[in-house]
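Participant: Using the numbering used here, you'd call the opening residue of the sequence shown number -12 and step up by one each time.
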Amino acid sequence: MKPVTQSILHGDPSGRPGDCLRAAVASLLELPLLAVPHFVEYEDWEERLAEFCRAHRYQPILRSPDADVPYGMAWGPSERGVRHAVVWIDGAIAWDPHPTRAGLLRVTQLIALEPLDVTGG
């Protein structure tokens, strides 16, 4: 994991949604922020997220908030009153891409990133 900070915050004057999800994915896949699509700007963002992760040899899998997720993302409300995405490693927040690093008030959803078997075995 390589920490990446989001560049668009909730309430951006441009009207664009915050890019915490993009920054969390960039962090987990160790990519530059601009190499990752701003998924939530598209209606089919969930499919785009899944395709992007699979192209980088990870399968995103939705898990319950109490699941054991060794590598992935957590979502939940932030202290700013908006849904927020953070990096989740070994059952805890490993990186909050928001500049405050305040984390989540609680976890409402987990997405595990499970490595795809590229050997075919």
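For each residue, glycine too, the CB sits at the ideal point set by N, CA and C.
Here the structure is a predicted model, which is why all the values come from computation and not from measurement.
Extract the residue ranges of the beta strand (DSSP E) inside the region -4 to 67, only unbroken runs of 3 or more that lie entirely within it.
Facilitator: Counting only runs of 3 or more, we get 45 to 50, 58 to 64.
Participant: Count the CB pairs spanning the region 28 to 35 and the region 74 to 94 that are closer than 8 Å, and state whether there are at least three.
Facilitator: Too few Cβ pairs lie closer than 8 Å, so no.
Participant: In terms of residues, what are the limits of the beta strand (DSSP E) holding Pro86?
Facilitator: It is not in any beta strand (DSSP E) - Pro86 carries neither H nor E in the DSSP assignment.
Participant: Alpha carbon to alpha carbon, what distance is there between Arg50 and Gln(-7)?
Facilitator: Their Cα atoms are separated by approximately 24 Å.
Participant: Could you say which of Ile76, Leu103, Ala72 lies nearest to Ala89 if we only look at CA atoms?
Facilitator: Comparing Cα positions, the closest option is Ala72.
Participant: Tell me which residues share the same chain as Arg41 and place their Cβ nearer than 7 Å to its Cβ, disregarding the 5 neighbours each side in the sequence.
Facilitator: The residues are Leu103.
Participant: Starting from Leu97, follow its DSSP beta bridges and name the residues at the other end.
Facilitator: Answer by DSSP bridge pairing, in chain order: Arg50, Ala61.
Participant: Keeping to the same chain, check which residues put their C-beta closer than 6 Å to that of Gln96; ignore five residues upstream and five downstream.
Facilitator: Closer than 6 Å at Cβ, skipping near neighbours: Trp62.
Participant: Can you check DSSP and say which residues form a bridge with Ala72?
Facilitator: According to DSSP, Ala72 bridges with Trp62.
Participant: Would Leu36 and Pro47 be called neighbours here (beta carbons separated by less than 8 Å)?
Facilitator: Yes, they are a contact pair.
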